[in-house]
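Before any comments, here is the structure.
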Amino acid sequence: MPEEEFETAEFKERLEEATERAVEASEHRSRWLLYLSLSTAIIAVMAAIAALESGTFSNEALMQKNEALLAQSKASDQWAYYQAKGIKAAIYTSQGNSEKASQETTEQQEISKSAKEFESEVQRSSEESQRSLEHHHRFAYAVTMFQVSIALAAVAALSRQKIIWLVGLAISLLGIIFFVNGFALLF
490 MPEEEFETAE FKERLEEATE RAVEASEHRS RWLLYLSLST AIIAVMAAIA ALESGTFSNE
550 ALMQKNEALL AQSKASDQWA YYQAKGIKAA IYTSQGNSEK ASQETTEQQE ISKSAKEFES
610 EVQRSSEESQ RSLEHHHRFA YAVTMFQVSI ALAAVAALSR QKIIWLVGLA ISLLGIIFFV
670 NGFALLF
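Here it is in structure tokens:
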């Protein structure tokens with residue numbers, strides 16, 4: 490009998506050790522899953538903000554490009570009007586009506602100024618549109634990096650492999666760089 494008690498006590502001790510190890514592993518795993526879930530939620534929020542900013546800058550770029558096209562149309566109209574005034578001045582000069590020719594030339598100079606102002610507006614609006622598109626692209630890259638990171642977090646949760654989660658976090662850091670650059674256009 491004493492031999493039997495010893496085996497039972499040893500078995501009981503091993504069972505308690507195994508239970509403790511299982512509880513510690515379970516706590517460690519649940520802590521890791523908590524970190525994974527929390528980081529994924531934060532990345533998802535950043536992805537949503539980046540997507541919103543990307544759309545905003547895309548819309549601004551379109552509006553600015555429309556303004557540039559409208560100004561280009563007005564400049565073209567002014568140059569056509571300028572040419573018409575030049576033709577009228579040439580006709581009046583050929584008819585010997587120097588007073589009307591002078592008047593047409595004066596008006597032509599004013600029209601030229603107006604056309605040049607529209608052309609500078611075209612340039613300004615086009616540059617603003619290009620800058621807005623650059624912001625849009627940076628935010629779009631950030632959204633892509635965040636989405637890849639979220640997908641990797643899901644794979645990590647399903648496969649219980651931390652390395653996949655860590656790779657996803659590294660990719661989300663790239664997303665954060667693009668996100669910050671979307672506001673500042675540092676590079």
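Letter by letter, the sequence shown follows residues 490 to 676 in the numbering used here.
Cβ atoms here follow ideal geometry from the backbone N, Cα and C, with glycine treated the same way.
Quick caveat, the model's predicted, so the values are computed rather than measured.
Residue i (DSSP reduced to helix, strand or coil)
{"i": "F676", "result": "coil"}
{"i": "E657", "result": "Note on identity: in this sequence residue 657 is Gly, with Glu being the wrong assignment. It is helical."}
{"i": "M490", "result": "Bear in mind that a pLDDT of 48 at M490, under 50, signals an unreliable position, so the number given afterwards is only what the model happens to contain. Note: M490 maps to coil in three-state DSSP."}
{"i": "N670", "result": "helix"}
{"i": "T497", "result": "helix"}
{"i": "R520", "result": "helix"}
{"i": "N555", "result": "helix"}
{"i": "N586", "result": "coil"}
{"i": "Q612", "result": "helix"}
{"i": "Q598", "result": "helix"}
{"i": "R649", "result": "coil"}
Reference residue i; option with closest CA among the options
{"i": "F628", "options": "E610, S528, Q567, A540", "result": "A540"}
{"i": "T595", "options": "Q572, R510, G585", "result": "Q572"}
{"i": "A645", "options": "L559, Y570, S609, T529", "result": "T529"}
{"i": "L525", "options": "I653, F668, I666", "result": "I653"}
{"i": "Y615", "options": "Q567, E549, K574", "result": "For the sequence presented, residue 615 should be read as Ser rather than Tyr. Of the listed residues, the one whose Cα sits closest to S615 is E549."}
{"i": "A536", "options": "G575, I639, L647, A643", "result": "I639"}
{"i": "L523", "options": "K574, I665, A643", "result": "A643"}
{"i": "A533", "options": "G664, E593, V669", "result": "G664"}
{"i": "R649", "options": "S519, E509, E496, Y581", "result": "S519"}
{"i": "D566", "options": "E606, W521, E505", "result": "E606"}
Rounded distance between the beta-carbons of residue j and residue i, thought under 8 Å
{"i": "L674", "j": "I660", "result": "Their Cβ separation, rounded to whole angstroms, is 22 Å, which puts L674 and I660 out of contact at 8 Å."}
{"i": "A578", "j": "Q598", "result": "Wrong, their Cβ atoms sit about 11 Å apart, outside the cutoff."}
{"i": "A631", "j": "F667", "result": "4 Å"}
{"i": "A712", "j": "E608", "result": "The displayed coordinates of the chain run from 490 to 676. Any statement about residue 712 would go beyond what the structure contains."}
{"i": "S547", "j": "H625", "result": "5 Å"}
{"i": "V611", "j": "A569", "result": "Contact flag wrong, Cβ pair sits at about 16 Å."}
{"i": "K574", "j": "E588", "result": "About 15 Å separates the two Cβ atoms, so there is no contact after all."}
Residue-level contact to chain D via CB, residue i, 7 Å cutoff
{"i": "E549", "result": "Of the chains in the structure shown, none is chain D; there is only one protein chain."}
Quiz prompt | Touch test, the segment 622-642 against the segment 588-604, Cβ-Cβ under 8 Å, three pairs minimum | solution = With the cut-off at 8 Å, the segment 622-642 and the segment 588-604 do not touch.
Quiz item: Are there three or more Cβ pairs, one per stretch, closer than 8 Å when the segment 617-624 is compared with the segment 538-557?
Solution: Verdict: yes, contact present.
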